[in-house]
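K.L.:
Numbering (UniProt numbering), first residue to last: 1 to 85.
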């Protein structure tokens, strides 16, 4: 019997979810932790990283605010802490 599940970084999804850009909301991949829906499995995979307690946090050296993604920290520093010219 063929396995009906496909493993995507330890997230089990139905084969139809492997298609990019599922348009039917009922068939979109969902985060099993926070129940948020995603347009495709690639986006879900990236999102799942924020639920990893071992994941590195990027902390602002000016205000100690923490971010899951380095580019979000960089954007924060530019917008909040850099002087406007």
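Yeah, the Cβ is synthetic: ideal placement off N, Cα and C, and Gly gets one too. Every value quoted in this text rests on a predicted model; they were computed, and no experiment measured them.
Mark residue 41 as exposed unless 16 or more other C-beta atoms lie within 10 angstroms of its C-beta, in which case mark it buried.
P.N.:
The residue labelled residue 41 in the question sits at position 41 within the chain shown. Buried, by the Cβ-count rule.
K.L.:
Quick check: is any heavy atom of the ligand GDP less than 8 angstroms from the C-beta of residue 44?
P.N.:
Annotation note on the ligand GDP: not contained in the displayed structure, which lists no ligands.
K.L.:
Leaving out five residues on either side along the sequence, give the residues of the same chain with a beta carbon under 6 angstroms from the beta carbon of residue 66.
P.N.:
Residue 66 sits at position 66 when you count from the first residue of the chain shown. Only 57 and 59 meet the Cβ criterion.
K.L.:
What residues match up with residue 30 in a beta bridge as DSSP calls it?
P.N.:
If you number the chain shown from 1, residue 30 lands on position 30. For residue 30, which the question treats as bridged, DSSP gives the partners 37.
K.L.:
If you follow the alpha helix (DSSP H) that residue 65 is part of, which residue opens it and which one closes it?
P.N.:
By 1-based counting over the chain shown, the position of residue 65 is 65. No alpha helix (DSSP H) contains residue 65, which DSSP labels as neither H nor E.
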